[in-house]
Amino acid sequence: MTTMLQDIVVKRNVPTNQYTPKDFKVDIDVRWCAGCGGYSILSQVQRIMPELGIPREKIVFVSGIGCSSRFPYYVNVYGFHSIHGRALAVASGLKIARPDLSVWIATGDGDCMSIGGNHFIHACRRNVDINVLMFNNEVYSLTKGQYSPTSQPGQKTKTSPFGVVDDPFNPASLALGAGATFVARGYDRDPKMLQYLFERAAAHKGISFVEIYANCVIFNDGAFDKYTEKEYRDDTTVWLEDGKPLIFGKNRDKGIILDGFTPVVVSFEDGNYSPNDVIVHNEKDSTLAFILANMTYNPNVPRPIGVFQSIEKPSYEEKVENQIEEVTKKLGEGDINHLMCGEDFWTID
Amino acid sequence: MSKKVEHLDKVTIRFAGDSGDGMQLVGTQFSNTAGTVGNSVNTFPDYPSEIRAPEGTLYGVSAYQIHFGSKKVNTIGDKIDVLVCMNASSLKVNLPNVREKGIIIANTAGFGEKNLKLAKYETNPLDNGSLSKYQLIKINMSEMMKQELADLGISPKAVERTKNIFALGFVYWLFNRPLDLTEKWLKEKFANKPQILEANLRALRAGYNYGATRQEMIVQYNVHHADLPKGTYRNITGNEACAIGLVAAATKAKLPLFLGSYPITPATEILHFISGYKQFGVKVLQAEDEIAGICSAIGASYGGYLAATTTSGPGLSLKVEALGLAVILELPLVVIDVQRAGPSTGLPTKPEQSDLNIAYYGRHGEAPIPIVAASGAADCFAMTIEAARIALKYMTPVILLSDGYMAQGTEPWRIPDMNELPDLTVNFATDPETFKPYRRDPSTLARMWAVPGTPNLEHRIGGLEKEDITGLVSHDPLNHQKMVELRQKKIDGIANDIPLAEVEGEQSGDLLVVAWGSVYGPVKTAFDELREQGHKISYTHLKYIRPFPKNLGDILSRFERIVVPEMNMGQLADLLQSKFLRPVLRINKIQGMPFKAKEIEIKLLELLNNKGDK
Ligand SMILES: Cc1ncc(C[n+]2csc(CCOP(=O)(O)OP(=O)(O)O)c2C)c(N)n1
Ligand code: SF4
Ligand SMILES: [Mg+2]
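Line order of the protein sequences matches chains A and B. Residues in the first sequence are numbered from 1 upward in steps of one, following our numbering. Residues in the second sequence are numbered from 1 upward in steps of one, following our numbering.
1. Between B/L91 and the rest of its own chain, which residues show a CB-CB distance below 6 Å, the 5 nearest in sequence each way excluded?
2. Who are the Cβ neighbours of B/Q65 in its own chain at under 6 Å, not counting the five residues just before and after it?
3. Just the Cα atoms here: how many angstroms apart are B/Y47 and A/D111?
4. B/A53 and B/A16 - do their beta-carbons sit closer together than 9 Å?
5. Around the C-beta of B/R234, are 16 or more other C-beta atoms found within 10 angstroms, so that it is buried, or is it exposed?
6. Along chain B, which residues have their Cβ under 8 Å away from the Cβ of A/D270?
7. With a CB to CB cut of under 6 Å and the five nearest residues on each side skipped, what residues in its chain are close to A/P55?
8. Does the contact criterion of 3 or more C-beta pairs under 8 Å hold for the stretch 341-358 of chain B versus the stretch 306-323 of chain A?
9. Identify whether B/S317 lies in helix, strand or coil by the three-state DSSP scheme.
10. What is the chain-ordered set of residues for which the beta carbon lies under 6 Å from any non-hydrogen atom of ligand 2?
11. Measuring straight from C-alpha to C-alpha, what distance separates A/A178 and A/M134?
12. Cβ of A/S286 within 8 Å of any heavy atom in ligand 4?
13. Taking only beta-carbon atoms, is B/H535 less than 9 Å away from chain A?
14. Fully enclosed by the stretch 231-271 of chain B, which alpha helix (DSSP H) runs are 4 residues long or longer?
15. Figure out for me which residue from A/I59, A/F24, A/W32 has the closest Cα to the Cα of A/R47.
16. Would the beta-carbon of B/Y302 fall within 9 Å of that of A/F182?
17. Just checking: is the beta-carbon of A/M340 within a distance shorter than 9 Å of some beta-carbon in chain B?
18. Going by Cα to Cα distance, which pick from A/R189, A/T347, A/S286, A/G342 is closest to A/I41?
19. Provide the residue span of the beta strand (DSSP E) that contains B/D18, from first to last.
20. If you draw a straight line from the C-alpha of B/A241 to the C-alpha of B/K117, how long is it?
21. Within the continuous beta strand (DSSP E) that includes A/Y213, where are the two ends?
22. On the DSSP letters alone, give me the boundaries of the beta strand (DSSP E) that B/L306 sits inside.
23. Compute the distance between the beta-carbons of A/G145 and A/P153, then report whether it is under 9 Å.
24. First and last residue of the beta strand (DSSP E) that includes B/F559?
25. Just curious, the beta strand (DSSP E) that B/Y47 is in, first and last residue?
26. Any beta carbon from chain B within less than 9 Å of A/E343's own beta carbon?
27. Check whether the Cβ atoms of B/V398 and B/V320 sit closer than 9 Å, and answer yes or no.
28. So, is B/M23 buried or exposed, given that buried needs 16 or more other C-beta atoms within 10 angstroms?
29. Considering Cα atoms alone, identify which of A/A123, A/V75, A/Y213, A/N298 is closest to B/G293.
30. Near B/K550, which residues of its chain fall below 6 Å by C-beta distance, leaving aside the five closest residues on each side in sequence?
31. May I have a chain-ordered list of the alpha helix (DSSP H) segments no shorter than 4 residues that lie completely inside the stretch 64-145 of chain A?
32. Excluding the 5 residues flanking B/T232 on each side, which residues of the same chain have their C-beta closer than 8 Å to its C-beta?
33. Skipping 5 residues on each side, what residues in its chain have a beta carbon closer than 8 Å to that of B/K10?
34. Using a threshold of 8 Å, is the CB atom of B/G462 nearer than that to any non-hydrogen atom of ligand 1?
35. What whole-angstrom Cβ distance do A/A184 and A/L52 have, given they're in contact under 8 Å?
36. Nearer than 8 Å: is that true of the beta carbon of A/G108 relative to any heavy atom of ligand 1?
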């Protein structure tokens, strides 16, 4: 590329020990409420950034609007706080233009799935190599507490004083249905889990969608306690691990089997089932991913957490560049004078 | 037999037929040939909004109009001199616009009983004497081609499809035009289909020879080449000129080009063209909607590209919020709006100067965006370059207004040398010592452009108000006022960097016509006509609307009366009134159709004859 950009797009290798998490902190006050789930997400991002081996100047955080979308201000990389719902559109344009950048998106359940729903499904479909961190607090927080597309039936908010009558999106199913190649779910209360998921997302080529249960202490406090608090979570969630059976419970005495296509909980205690009978997770199996994602709102099974799917497909921006290369090979590099003259020109002298 | 040759200054031909008859194709060929022999040419394709309207119907008529001459032609021609009609419906629809004594070339095969019924004719107009005011030339083109191609053994359908080329050949003869350009084109188009090529080449010559040998046809016309400035020319539509303009601008800026767009009539072709320019390294995203179109372009611009988005009215409406974002981010962005008749879906295939107001005012907050307006198809190139120049130099979105008329019509374009174009190179910020995201160049007030990937310039920007210089989020009341004023001042300052407005005719006096956009053609034609008749009248055409040229206020103050002809209710007129506190007269046509020169001439004449009209 003989452009003004050519010096900027070059690769620069940084040893993974060059940075510490502190290098990714910004010297301004973080303006989230005390106890907001955002804090944990922010620290885990800052913690894994040094490990990625990517120069700081090559990392960009793009966001929309919402409490969660304040995120880019707090990470010492390039940051772009856009408008409500459009983070994925901005980020797609940026990544297509600049495949050399590591592009991350911080977005909320409203930002990503309501006003930005169209951009979300199309970014998934295209498989642009970007990392989407969706802070799901099942509410619109910045606007002070209205229900969102992930709010639960019956949930009382300012716009649903008598309870939500809408059915929610299941973000993981939506992402899978739209063709996302990496789909995962985690929660704010478990730093190690988030670090693991963020590293996986960073390593994945193509779109990575990570739904993060993020507690909003003001407008939906405790929404996820059932799944994230120590006293319940072993029994209410199941951790998805590639190649491992779906076993859960405080005593790891329960598992999930498939009855037809329906996941069913079984106990190993009465001797009818053993760990050998349960589903073995396979991140490359898209059909399984759909089944597991569909467990989300099923009250009879634990809530799946972890990586639903991770499959390889060429990324969009790569295909765009390949096509440019192919066409250029076939037609030769574009000649602007020829383009301007076209086929039928004449001269007056 | 001696043939008579008459010389004409200007001629308007309209090829009309059914949607499937290939009228656009022969029209384009004729205009290319006319351009090549040095005529001044102006064309307009006029096709139904239905993709495949039922055959033979009145609403399925497709036409291509060409106005060409040995003098500069600025419009597609008010009245048709030569109508080629391939069927009854195409005669019916176009007859009202044929001038008295004009030539009508009719394909009699398209006037069968079924055709007449579809066209709602009781009796055949070719035979009932109703066309006696015109010179009627009846040819059974379908039958002629059947005989001509009998030995080729191609399908009757393929034979029928050559009749448009026959018609073209005949019109070439009528105007004494060479066949070689079309022959060359056919050879390229049908390189892999030798039989079809042969059929079409024969059709072209058969049409030509038919003219040469026809007994009762004796007049042939000649239109000399026009006195155009020296240079290399081609015919170009406004849309193609915009597309090429974007690539040329990126080349001059030494930046890669990104286009984020969503298809919409009549802007889609720009997206079509640029999608075909991959060999220039252009990246194109056909986005999921117009919002994604502009937002992806803003993302690419943030990444250091010359970024553009193209659309028409409904799409511009969707882009409004993101335009405000581009304003506060102060990132370069070219927005091309090919206007069509609104509101809502309106008349989607018809032109209107519909969007000056939304371009000027259509944002929340104080969000000034420079507006430039092309005056015709060829001018779209120059104004695209201007839009890019202003965007890059001043770090701002710029709106270029085109319209459906110039977007699809063609004009000869004098192809500039790349060296004639302004230098558009930019300086990215690289020095951490001096870098502040909102530090401005004191001469342009443009902020620094630091693109991701530049070491040690990591910074955060966004739609929240910025603190002056540092670019940090700021809710400080005085800072907000300061930033609003700075952004306005930056845009106002562009007035020092654009050409002054010019006045044709008297430099001061009674009546000044002010216009913008594609009304240039008819206004200029009417204006020239009135000047020729000895009237005192003046004309200023505006290509820069925000900011206005510095001298515009002064120009307006030198005239008693100002009149603005517009294809809307007076959007520029309102703007002039509010900016310059002058009453402005209006001539408005809001019919989804361009003005005819005559219409403007008559209105202006009324004004000239009634000095009291204010
Ligand atoms: C176009 C537009 N519509 C509405 C808003 C108001 N608004 C800002 S954030 C928001 C919802 C945020 O919810 P979510 O994305 O879940 O983020 P959270 O605050 O919960 O993190 C809304 C409705 C806006 N800023 N822009
Ligand atoms: S309102 Fe909720 S989401 Fe917003 S900062 Fe406070 S706790 Fe976090
Ligand atoms: Mg939310």
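C-beta: ideal position from N, C-alpha, C; glycine also.
Per the coordinate set shown:
1. C85
2. R14, F44, I76
3. 42 Å
4. no
5. buried
6. Those within 8 Å of A/D270 in chain B number zero; the least Cβ separation is about 52 Å.
7. R12, V14
8. With a cut-off of 8 Å on Cβ pairs, the stretch 341-358 of chain B is not in contact with the stretch 306-323 of chain A, counting fewer than three such pairs.
9. For B/S317, the three-state secondary structure derived from DSSP is helix.
10. A/W32, A/C33, A/C36, A/G38, A/C67, A/N137, A/S141, A/C216, A/V217, A/I218, A/F219
11. 16 Å
12. For the structure depicted, ligand 4 is absent and the ligand set comprises only ligand 1, ligand 2 and ligand 3.
13. no
14. Fully enclosed alpha helix (DSSP H) runs of 4 or longer: 238-253.
15. A/F24
16. no
17. yes
18. A/R189
19. 10-18
20. 42 Å
21. Per DSSP, A/Y213 belongs to the beta strand (DSSP E) from 208-213.
22. 306-311
23. no
24. According to the DSSP assignment, B/F559 belongs to the beta strand (DSSP E) that extends over 559-566.
25. Neither: B/Y47 is in no beta strand (DSSP E) and is coded neither H nor E.
26. yes
27. Not closer than 9 Å, so no.
28. buried
29. A/A123
30. A495
31. Here the runs fully enclosed are 87-97, 117-126.
32. R414, I415
33. Cβ within range, chain order: H67, F68, G69, S70, K71, V73, G77, V223.
34. no
35. With 8 Å as the limit, A/A184 and A/L52 do not qualify as a contact, their Cβ atoms being about 17 Å apart.
36. yes
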